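Worksheet: the structure to be examined is printed underneath.
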Amino acid sequence: MFSKKMDQFQTSVFNELADYKMVKMKEGKDIIDLSIGSPDLPPPSFVMEELSSSVKDPSLYRYSLRGIPELHDAISHYYHHHYNVELAQEDEVLVVMGSQDGLVHLPLVVADPGDIILVPDPGYTAYAAGISLAEAIPYSMPLKEEDAFLPDLDAIPDEVRQKAKLMILNFPGNPVPSTASREFFEKVVRFAKENKIVVLHDFAYSELYYDERPISFLSVEGANEVGIEFNSLSKSFNMAGCRIGYVVGNPHVLEGLKRLKSNLDYGVFLPVQKAAVVALKNTTNFSNELRMIYKKRRDILVAGLNSLGWKVDSPPASMFIWARVPSSYKSTEFAFRLIDDAGIVTTPGVAFGDNGEGYLRISLVQNEETLHKAVLRLKESGIFSK
(Lines of atoms letter the chains of each structure in order from A and count residues from 1; the text may use other names and numbers.)
(Lines give C-alpha, C1' and ligand atoms only; values in the text may rest on other atoms or scores of the structure.)
Protein backbone atom coordinates (compact mmCIF):
# COMPACT_ATOMS: atom_id res chain seq x y z
CA MET A 1 0.00 0.00 0.00
CA PHE A 2 2.78 2.42 0.90
CA SER A 3 6.03 3.26 -0.88
CA LYS A 4 9.35 1.89 0.34
CA LYS A 5 10.30 5.43 1.34
CA MET A 6 7.58 5.32 4.01
CA ASP A 7 9.66 2.70 5.81
CA GLN A 8 11.90 5.60 6.85
CA PHE A 9 8.99 7.36 8.59
CA GLN A 10 8.07 4.95 11.35
CA THR A 11 5.97 5.62 14.43
CA SER A 12 8.30 7.34 16.88
CA VAL A 13 8.66 7.49 20.63
CA PHE A 14 6.71 10.76 20.45
CA ASN A 15 3.64 8.81 19.33
CA GLU A 16 4.22 6.16 21.98
CA LEU A 17 4.35 8.80 24.70
CA ALA A 18 1.27 10.55 23.35
CA ASP A 19 -0.66 7.28 23.30
CA TYR A 20 0.49 6.39 26.83
CA LYS A 21 -0.47 9.86 28.03
CA MET A 22 -3.99 9.39 26.63
CA VAL A 23 -4.30 6.00 28.32
CA LYS A 24 -3.36 7.53 31.68
CA MET A 25 -5.76 10.43 31.21
CA LYS A 26 -8.62 8.01 30.43
CA GLU A 27 -7.74 6.23 33.67
CA GLY A 28 -8.33 9.54 35.45
CA LYS A 29 -4.69 10.55 36.02
CA ASP A 30 -3.99 14.29 35.97
CA ILE A 31 -1.15 14.89 33.53
CA ILE A 32 1.33 17.76 33.29
CA ASP A 33 2.78 17.78 29.80
CA LEU A 34 6.33 19.15 29.63
CA SER A 35 7.16 17.32 26.42
CA ILE A 36 5.86 19.55 23.66
CA GLY A 37 7.87 22.34 22.05
CA SER A 38 4.94 24.56 21.12
CA PRO A 39 4.38 27.91 22.90
CA ASP A 40 1.44 28.03 25.30
CA LEU A 41 1.24 31.82 25.15
CA PRO A 42 -0.63 34.00 22.61
CA PRO A 43 0.99 36.29 20.05
CA PRO A 44 1.28 39.98 20.94
CA SER A 45 -2.02 41.87 20.70
CA PHE A 46 -0.76 44.07 17.86
CA VAL A 47 -0.10 40.96 15.76
CA MET A 48 -3.59 39.57 16.38
CA GLU A 49 -5.13 42.96 15.61
CA GLU A 50 -3.27 43.18 12.30
CA LEU A 51 -4.26 39.62 11.39
CA SER A 52 -7.89 40.28 12.36
CA SER A 53 -7.98 43.40 10.21
CA SER A 54 -6.21 41.86 7.22
CA VAL A 55 -8.43 38.78 6.95
CA LYS A 56 -11.36 41.13 6.28
CA ASP A 57 -9.63 42.51 3.18
CA PRO A 58 -11.07 40.56 0.21
CA SER A 59 -8.08 41.46 -1.98
CA LEU A 60 -5.71 39.39 0.20
CA TYR A 61 -7.14 35.95 -0.63
CA ARG A 62 -5.18 35.48 -3.86
CA TYR A 63 -2.03 33.36 -4.14
CA SER A 64 0.87 35.23 -2.62
CA LEU A 65 3.51 33.21 -4.56
CA ARG A 66 6.34 34.85 -2.60
CA GLY A 67 7.13 37.13 0.31
CA ILE A 68 5.65 40.61 0.02
CA PRO A 69 8.16 43.50 -0.26
CA GLU A 70 7.12 44.88 3.14
CA LEU A 71 8.04 41.58 4.80
CA HIS A 72 11.39 41.35 3.02
CA ASP A 73 12.06 44.90 4.20
CA ALA A 74 11.08 44.05 7.80
CA ILE A 75 13.33 40.97 7.82
CA SER A 76 16.25 42.95 6.43
CA HIS A 77 15.73 45.72 8.98
CA TYR A 78 15.48 43.16 11.80
CA TYR A 79 18.83 41.58 10.84
CA HIS A 80 20.51 44.97 10.49
CA HIS A 81 19.20 46.18 13.85
CA HIS A 82 19.86 43.02 15.90
CA TYR A 83 22.91 41.48 14.23
CA ASN A 84 24.47 44.23 12.10
CA VAL A 85 23.93 42.00 9.05
CA GLU A 86 23.14 43.64 5.73
CA LEU A 87 20.82 41.66 3.45
CA ALA A 88 19.88 42.30 -0.16
CA GLN A 89 16.09 42.08 -0.03
CA GLU A 90 15.76 40.84 -3.60
CA ASP A 91 17.90 37.72 -3.45
CA GLU A 92 19.09 37.17 0.15
CA VAL A 93 15.67 36.81 1.80
CA LEU A 94 13.09 34.07 1.21
CA VAL A 95 9.76 33.58 3.02
CA VAL A 96 8.68 29.99 3.81
CA MET A 97 5.71 28.29 5.47
CA GLY A 98 7.45 28.02 8.81
CA SER A 99 11.13 27.23 9.12
CA GLN A 100 10.45 23.48 9.25
CA ASP A 101 9.01 23.67 5.75
CA GLY A 102 12.31 25.04 4.44
CA LEU A 103 14.49 22.83 6.66
CA VAL A 104 12.90 19.65 5.37
CA HIS A 105 13.09 20.65 1.72
CA LEU A 106 16.59 22.13 1.57
CA PRO A 107 18.42 18.75 1.35
CA LEU A 108 16.55 18.14 -1.92
CA VAL A 109 18.16 21.31 -3.27
CA VAL A 110 21.81 20.64 -2.39
CA ALA A 111 22.22 16.85 -2.08
CA ASP A 112 21.90 13.91 -4.45
CA PRO A 113 21.06 10.38 -3.30
CA GLY A 114 24.12 8.97 -1.55
CA ASP A 115 25.61 12.35 -0.63
CA ILE A 116 26.40 12.93 3.03
CA ILE A 117 24.72 15.49 5.26
CA LEU A 118 26.39 16.38 8.56
CA VAL A 119 23.76 16.56 11.26
CA PRO A 120 23.86 17.26 15.02
CA ASP A 121 23.16 14.30 17.30
CA PRO A 122 20.97 14.82 19.24
CA GLY A 123 19.14 17.06 16.82
CA TYR A 124 15.70 18.26 15.83
CA THR A 125 13.78 15.39 14.22
CA ALA A 126 12.86 17.36 11.07
CA TYR A 127 16.50 17.21 9.97
CA ALA A 128 16.29 13.42 9.63
CA ALA A 129 13.06 13.73 7.66
CA GLY A 130 14.64 16.08 5.13
CA ILE A 131 17.69 13.84 4.74
CA SER A 132 15.44 10.83 4.11
CA LEU A 133 13.43 12.66 1.47
CA ALA A 134 16.63 13.54 -0.38
CA GLU A 135 17.86 9.93 -0.02
CA ALA A 136 21.07 11.37 1.39
CA ILE A 137 23.15 9.75 4.11
CA PRO A 138 23.25 11.35 7.59
CA TYR A 139 26.59 11.57 9.37
CA SER A 140 26.13 12.26 13.06
CA MET A 141 28.10 15.01 14.75
CA PRO A 142 27.85 14.12 18.46
CA LEU A 143 26.94 16.94 20.84
CA LYS A 144 28.72 16.08 24.07
CA GLU A 145 28.59 17.78 27.42
CA GLU A 146 32.39 17.80 27.69
CA ASP A 147 32.56 19.78 24.41
CA ALA A 148 29.94 22.33 25.55
CA PHE A 149 27.54 20.55 23.18
CA LEU A 150 29.43 21.83 20.12
CA PRO A 151 30.27 19.34 17.35
CA ASP A 152 33.93 18.41 16.97
CA LEU A 153 34.66 19.32 13.35
CA ASP A 154 38.21 17.96 13.59
CA ALA A 155 36.81 14.48 14.29
CA ILE A 156 35.02 14.30 10.93
CA PRO A 157 37.03 11.93 8.68
CA ASP A 158 38.43 13.13 5.34
CA GLU A 159 36.37 10.62 3.35
CA VAL A 160 33.20 11.99 4.97
CA ARG A 161 34.17 15.61 4.28
CA GLN A 162 34.72 14.79 0.61
CA LYS A 163 31.18 13.44 0.19
CA ALA A 164 29.42 15.94 2.44
CA LYS A 165 27.23 18.55 0.77
CA LEU A 166 25.48 20.11 3.76
CA MET A 167 26.11 20.76 7.45
CA ILE A 168 23.16 21.45 9.74
CA LEU A 169 23.67 23.47 12.93
CA ASN A 170 21.17 24.72 15.53
CA PHE A 171 22.15 27.30 18.18
CA PRO A 172 20.35 27.98 20.48
CA GLY A 173 19.36 24.38 20.09
CA ASN A 174 16.49 21.96 20.24
CA PRO A 175 16.67 19.62 22.10
CA VAL A 176 19.99 20.80 23.58
CA PRO A 177 19.59 24.45 24.66
CA SER A 178 23.24 25.39 24.12
CA THR A 179 24.66 28.40 22.30
CA ALA A 180 27.61 28.77 19.94
CA SER A 181 30.58 31.09 20.26
CA ARG A 182 31.80 33.38 17.49
CA GLU A 183 35.05 31.40 17.44
CA PHE A 184 33.13 28.20 16.73
CA PHE A 185 31.19 29.79 13.87
CA GLU A 186 34.44 31.17 12.41
CA LYS A 187 35.80 27.62 12.44
CA VAL A 188 32.62 26.42 10.70
CA VAL A 189 33.12 28.99 7.93
CA ARG A 190 36.70 27.84 7.36
CA PHE A 191 35.62 24.18 7.39
CA ALA A 192 32.83 24.84 4.90
CA LYS A 193 35.09 26.75 2.51
CA GLU A 194 37.82 24.12 2.64
CA ASN A 195 35.40 21.28 1.96
CA LYS A 196 32.87 23.05 -0.30
CA ILE A 197 29.99 22.38 2.09
CA VAL A 198 26.81 24.43 2.46
CA VAL A 199 25.95 25.41 6.04
CA LEU A 200 22.36 25.52 7.25
CA HIS A 201 21.98 27.28 10.59
CA ASP A 202 18.61 26.83 12.30
CA PHE A 203 18.10 30.00 14.37
CA ALA A 204 14.46 29.47 15.41
CA TYR A 205 15.17 30.23 19.09
CA SER A 206 17.07 33.45 18.44
CA GLU A 207 14.83 35.60 20.67
CA LEU A 208 14.56 33.12 23.56
CA TYR A 209 17.72 33.86 25.49
CA TYR A 210 18.29 34.82 29.11
CA ASP A 211 21.57 36.67 29.37
CA GLU A 212 23.56 37.27 26.20
CA ARG A 213 21.95 37.57 22.75
CA PRO A 214 22.86 34.53 20.61
CA ILE A 215 25.12 35.04 17.63
CA SER A 216 23.69 34.98 14.14
CA PHE A 217 25.79 32.75 11.91
CA LEU A 218 25.52 35.36 9.17
CA SER A 219 27.21 37.96 11.39
CA VAL A 220 30.47 36.03 11.08
CA GLU A 221 32.79 37.12 8.27
CA GLY A 222 32.45 34.87 5.23
CA ALA A 223 29.30 33.09 6.44
CA ASN A 224 27.16 34.46 3.61
CA GLU A 225 29.56 32.84 1.13
CA VAL A 226 28.88 29.35 2.47
CA GLY A 227 25.58 29.33 4.26
CA ILE A 228 22.06 30.34 5.07
CA GLU A 229 20.12 30.89 8.27
CA PHE A 230 16.54 29.87 8.97
CA ASN A 231 14.35 31.75 11.41
CA SER A 232 10.73 31.58 12.41
CA LEU A 233 8.02 33.61 14.06
CA SER A 234 6.66 30.50 15.80
CA LYS A 235 8.74 30.75 18.98
CA SER A 236 9.77 34.41 18.95
CA PHE A 237 6.20 35.71 18.61
CA ASN A 238 4.07 32.69 19.59
CA MET A 239 2.79 32.38 16.01
CA ALA A 240 3.36 28.63 15.66
CA GLY A 241 0.02 27.91 14.01
CA CYS A 242 0.43 30.72 11.48
CA ARG A 243 3.19 28.76 9.70
CA ILE A 244 5.50 31.54 8.66
CA GLY A 245 9.28 31.68 8.70
CA TYR A 246 12.11 32.86 6.53
CA VAL A 247 15.59 32.01 5.37
CA VAL A 248 18.37 34.50 4.69
CA GLY A 249 21.90 34.36 3.35
CA ASN A 250 23.64 32.94 0.29
CA PRO A 251 21.65 33.99 -2.79
CA HIS A 252 22.64 30.94 -4.86
CA VAL A 253 21.29 28.51 -2.26
CA LEU A 254 18.14 30.60 -1.78
CA GLU A 255 17.52 30.62 -5.52
CA GLY A 256 17.56 26.83 -5.53
CA LEU A 257 15.14 26.61 -2.62
CA LYS A 258 12.90 29.23 -4.21
CA ARG A 259 12.82 27.22 -7.43
CA LEU A 260 11.88 24.03 -5.58
CA LYS A 261 9.23 25.77 -3.50
CA SER A 262 7.65 27.31 -6.59
CA ASN A 263 6.80 23.75 -7.63
CA LEU A 264 5.35 22.80 -4.25
CA ASP A 265 3.16 25.65 -2.97
CA TYR A 266 1.79 29.09 -3.72
CA GLY A 267 3.19 31.03 -0.81
CA VAL A 268 2.12 32.13 2.66
CA PHE A 269 -1.38 33.57 3.22
CA LEU A 270 -1.07 37.33 2.75
CA PRO A 271 -2.75 38.37 6.05
CA VAL A 272 -0.24 36.18 7.90
CA GLN A 273 2.59 37.94 6.07
CA LYS A 274 1.20 41.33 7.07
CA ALA A 275 0.99 40.18 10.69
CA ALA A 276 4.63 39.06 10.46
CA VAL A 277 5.64 42.53 9.26
CA VAL A 278 4.06 44.09 12.34
CA ALA A 279 5.73 41.54 14.61
CA LEU A 280 9.23 42.13 13.26
CA LYS A 281 8.85 45.89 13.43
CA ASN A 282 7.77 45.81 17.08
CA THR A 283 10.07 43.23 18.61
CA THR A 284 11.72 44.93 21.56
CA ASN A 285 9.09 45.25 24.29
CA PHE A 286 7.27 42.03 23.54
CA SER A 287 10.50 40.03 23.22
CA ASN A 288 11.78 41.37 26.54
CA GLU A 289 8.52 40.45 28.27
CA LEU A 290 8.50 36.98 26.70
CA ARG A 291 12.08 36.32 27.81
CA MET A 292 11.20 37.33 31.36
CA ILE A 293 8.31 34.85 31.41
CA TYR A 294 10.49 31.98 30.19
CA LYS A 295 13.31 32.99 32.53
CA LYS A 296 11.00 32.79 35.55
CA ARG A 297 9.79 29.39 34.40
CA ARG A 298 13.34 28.20 33.85
CA ASP A 299 14.44 29.35 37.29
CA ILE A 300 11.47 27.72 39.03
CA LEU A 301 12.05 24.36 37.37
CA VAL A 302 15.85 24.34 37.62
CA ALA A 303 15.81 25.34 41.28
CA GLY A 304 13.04 22.90 42.05
CA LEU A 305 14.68 19.93 40.36
CA ASN A 306 18.03 20.65 41.97
CA SER A 307 16.38 20.89 45.39
CA LEU A 308 15.16 17.31 44.89
CA GLY A 309 18.63 16.08 44.05
CA TRP A 310 18.05 16.00 40.28
CA LYS A 311 21.08 18.01 39.21
CA VAL A 312 20.29 19.96 36.05
CA ASP A 313 22.05 22.90 34.42
CA SER A 314 20.34 26.22 33.84
CA PRO A 315 20.06 26.73 30.06
CA PRO A 316 21.36 30.01 28.61
CA ALA A 317 18.66 30.07 25.91
CA SER A 318 15.81 28.18 24.22
CA MET A 319 12.60 26.88 25.83
CA PHE A 320 14.00 23.58 27.10
CA ILE A 321 15.98 22.01 29.90
CA TRP A 322 18.33 19.19 28.91
CA ALA A 323 18.45 16.98 31.98
CA ARG A 324 20.62 13.92 32.60
CA VAL A 325 18.57 10.97 33.88
CA PRO A 326 19.68 8.87 36.86
CA SER A 327 22.45 6.49 35.80
CA SER A 328 20.38 3.39 36.50
CA TYR A 329 17.84 4.31 33.81
CA LYS A 330 17.62 4.55 30.04
CA SER A 331 16.01 7.80 28.93
CA THR A 332 12.79 6.23 27.59
CA GLU A 333 12.42 4.06 30.67
CA PHE A 334 12.77 7.07 32.94
CA ALA A 335 10.32 9.13 30.87
CA PHE A 336 7.65 6.46 31.31
CA ARG A 337 8.37 6.24 35.04
CA LEU A 338 7.79 9.98 35.38
CA ILE A 339 4.37 9.52 33.80
CA ASP A 340 3.50 6.56 36.05
CA ASP A 341 4.77 7.97 39.34
CA ALA A 342 4.33 11.74 38.91
CA GLY A 343 1.96 12.29 35.99
CA ILE A 344 4.62 14.33 34.16
CA VAL A 345 5.34 13.89 30.45
CA THR A 346 8.83 14.68 29.13
CA THR A 347 10.69 13.60 25.99
CA PRO A 348 13.48 11.01 26.17
CA GLY A 349 16.69 12.31 24.64
CA VAL A 350 17.14 9.22 22.49
CA ALA A 351 14.17 10.39 20.41
CA PHE A 352 16.54 13.00 18.97
CA GLY A 353 19.43 10.66 18.19
CA ASP A 354 21.65 8.01 19.74
CA ASN A 355 23.72 10.62 21.57
CA GLY A 356 20.61 11.83 23.33
CA GLU A 357 20.51 8.65 25.37
CA GLY A 358 20.84 9.39 29.07
CA TYR A 359 18.94 12.70 28.90
CA LEU A 360 15.41 14.08 28.92
CA ARG A 361 14.14 17.21 27.18
CA ILE A 362 11.85 19.17 29.49
CA SER A 363 9.85 22.02 27.95
CA LEU A 364 9.07 25.33 29.64
CA VAL A 365 5.60 25.51 28.13
CA GLN A 366 3.49 25.57 31.30
CA ASN A 367 2.77 28.46 33.63
CA GLU A 368 4.61 29.05 36.90
CA GLU A 369 1.88 27.50 39.06
CA THR A 370 1.94 24.30 37.01
CA LEU A 371 5.73 24.09 37.19
CA HIS A 372 5.62 24.44 40.98
CA LYS A 373 3.02 21.69 40.97
CA ALA A 374 5.28 19.48 38.83
CA VAL A 375 8.16 19.88 41.30
CA LEU A 376 5.84 19.04 44.22
CA ARG A 377 4.63 15.93 42.44
CA LEU A 378 8.19 14.79 41.85
CA LYS A 379 8.95 15.32 45.50
CA GLU A 380 5.88 13.35 46.60
CA SER A 381 6.65 10.54 44.14
CA GLY A 382 9.83 9.74 46.01
CA ILE A 383 11.71 9.05 42.77
CA PHE A 384 14.72 11.07 43.91
CA SER A 385 14.69 10.01 47.54
CA LYS A 386 15.70 6.42 46.86
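In UniProt numbering, the protein residues as written are 1 to 386.
For every residue, glycine included, the Cβ atom is placed at its ideal position computed from N, Cα and C.
These numbers were taken from a predicted model, which means no experiment stands behind them.
Measuring CA to CA, which of Pro113, Leu166, Arg243 and Glu146 is closest to Ser38?
Within the sequence shown, residue 38 is the residue found at index 38, counting from 1. The option with the nearest alpha carbon to Ser38 is Arg243.
To the nearest angstrom, how far is it from the Cα of Leu65 to the Cα of Ala240?
Position 65 of the sequence shown holds residue 65. Position 240 of the sequence shown holds residue 240. So the two alpha carbons sit approximately 21 Å from each other.
Can you give the Cα-Cα distance for Pro107 and Pro157, rounded to whole angstroms?
By 1-based counting over the sequence shown, the position of residue 107 is 107. By 1-based counting over the sequence shown, the position of residue 157 is 157. Cα-Cα distance, rounded: 21 Å.
Nearest to Gln8 by alpha carbon, out of Ala129, His372 and Gly349?
On the sequence shown, position 8 is the one that residue 8 refers to. For Gln8, the closest alpha carbon among the candidates Ala129, His372 and Gly349 is that of Ala129.
Note down, in chain order, each residue of its chain lying with its Cβ closer than 6 Å to the Cβ of Pro326, except the 5 sequence neighbours on either side.
Taking the first residue of the sequence shown as 1, we reach residue 326 at position 326. Annotation for Pro326: no residue places its beta carbon closer than 6 Å to its own, counting only its chain and skipping 5 residues before and after.
Where does Pro151 sit, in a helix, a strand or coil, going by DSSP?
Start at 1 with the first residue of the sequence shown, and residue 151 comes out as number 151. For Pro151, the three-state secondary structure derived from DSSP is coil.
Can you list, in chain order, the residues of its chain whose CB lies under 8 Å from that of His105, leaving out five sequence neighbours each side?
As a working mapping, residue 105 is identified with position 105 in the sequence shown. Within the same chain, His105 has close Cβ partners Gly130, Leu133, Leu257, Leu260, Lys261 and Leu264.
Closer than 7 Å by C-beta to Asn170: which residues in its own chain qualify, once you throw out the five before and the five after it? Chain order, please.
In the sequence shown, counting from the first residue as 1, residue 170 sits at position 170. Take Asn170, set aside five residues on each side of it, and the residues of its chain with a beta-carbon closer than 7 Å to its own are Pro120, Gly123, Tyr124 and Asp202, in chain order.
Residue closest to Arg377, alpha-carbon to alpha-carbon, out of Gly356, Leu60, Pro348 and Ile339:
Translated into the one-based positions of the sequence shown, residue 377 becomes position 377. Checking every option, the nearest Cα to that of Arg377 belongs to Ile339.
Taking just the CA atoms, how far does Phe269 sit from Asp101?
Numbered from 1 along the sequence shown, position 101 holds the residue referred to as residue 101. Numbered from 1 along the sequence shown, position 269 holds the residue referred to as residue 269. Spanning the two alpha carbons is a distance of roughly 15 Å.
CB of Phe185 within 8 Å of CB of Ile215, strictly:
Mapped onto the sequence shown, residue 185 falls at position 185. Mapped onto the sequence shown, residue 215 falls at position 215. At a Cβ-Cβ threshold of 8 Å, Phe185 and Ile215 count as neighbours.
Taking the DSSP output, what are the residues bridged to Val199?
The count along the sequence shown starts at 1 and reaches residue 199 at position 199. Residue pairing by DSSP places Val199 opposite Met167 and Gly227 in a beta bridge.
Of the residues Arg182, Leu254 and Pro348, the one placed nearest Gly222, counting alpha carbons only:
The residue labelled residue 222 in the question sits at position 222 within the sequence shown. With distances taken between Cα atoms, Gly222 lies closest to Arg182.
When DSSP builds the beta bridges, which residues end up paired with Gly249?
Numbered from its first residue, the sequence shown carries residue 249 at position 249. Ile228, per the DSSP bridge assignment.
Taking Met25 as the reference, give the member of Lys373, Ala342 and Gly349 with the closest Cα.
Counting from one through the sequence shown, the residue named residue 25 turns up at place 25. For Met25, the nearest C-alpha among the options comes from Ala342.
State the beta-bridge partners of residue 389 as determined by DSSP.
With the chain represented from 1 up to 386, any question about residue 389 goes unanswered, as that position is not in the structure.
Secondary structure of Phe320, DSSP reduced to three states:
In the sequence shown, counting from the first residue as 1, residue 320 sits at position 320. Strand.
Contained beta strand (DSSP E) runs [length at least 3] in the region 280 to 341, N- to C-terminal order
Whole beta strand (DSSP E) segments, 3+ residues: 320 to 324.
Pairwise C-alpha distance: Asp30 and Asn367:
For the purposes of this step, residue 367 is taken as residue 367 along the sequence shown, with counting starting at 1. For the purposes of this step, residue 30 is taken as residue 30 along the sequence shown, with counting starting at 1. Each residue's Cα considered, the two are about 16 Å apart.
Could you spell out where the alpha helix (DSSP H) holding Ser76 opens and where it closes?
Residue numbering aside, residue 76 sits at position 76 when the sequence shown is read from its first letter. Note, Ser76: alpha helix (DSSP H), Pro69 to Tyr83.
Given Glu212 as reference, the closest of Thr179, Ile75 and Ser314 once Cα atoms are compared
Working through the sequence shown from its first residue, we reach residue 212 at position 212. Looking at the Cα atoms, Thr179 is the closest of the given residues.
I need the straight-line Cα distance from Met6 to Gly114, nearest angstrom please.
By one-based count along the sequence shown, residue 6 stands at place 6. By one-based count along the sequence shown, residue 114 stands at place 114. Rounded to whole angstroms, the separation of the alpha carbons of Gly114 and Met6 is 18 Å.
Alpha-carbon spacing of Leu94 relative to Leu200, whole angstroms:
The sequence position of residue 94 within the sequence shown is 94, counting from 1. The sequence position of residue 200 within the sequence shown is 200, counting from 1. Answer to the nearest angstrom: the Cα atoms are 14 Å apart.
Taking 8 Å as the cut-off, decide whether the C-beta atoms of Arg337 and Gly349 are in contact.
Translated into positions along the sequence shown, residue 337 becomes position 337. Translated into positions along the sequence shown, residue 349 becomes position 349. With respect to the 8 Å criterion, Arg337 and Gly349 are not classified as neighbours on the basis of their beta carbons.
Through-space distance from Asp152 to Glu159, alpha-carbon basis
The residue you call residue 159 lines up with position 159 of the sequence shown. The residue you call residue 152 lines up with position 152 of the sequence shown. Cα to Cα, Glu159 sits roughly 16 Å from Asp152.
Should Phe334 be labelled buried (16 or more other beta-carbon atoms within 10 Å of its own) or exposed?
By 1-based counting over the sequence shown, the position of residue 334 is 334. With a threshold of 16 other beta carbon atoms within 10 Å, Phe334 meets it and is buried.
If I'm right that Phe320 touches Pro175 with Cβ under 8 Å, what's the distance once you round it to whole angstroms?
Position 320 of the sequence shown, counted from the start, is the residue given in the question as residue 320. Position 175 of the sequence shown, counted from the start, is the residue given in the question as residue 175. With a Cβ gap of about 6 Å, Phe320 and Pro175 count as contacting.
For Pro271, which three-state DSSP category applies?
Looking up residue 271 in the sequence shown gives position 271. Reduced to three states, the DSSP call for Pro271 is helix.
Cα-Cα separation, Ser35 to Thr346
Mapped onto the sequence shown, residue 35 falls at position 35. Mapped onto the sequence shown, residue 346 falls at position 346. Looking at the backbone, the Cα of Ser35 and that of Thr346 are separated by about 4 Å.
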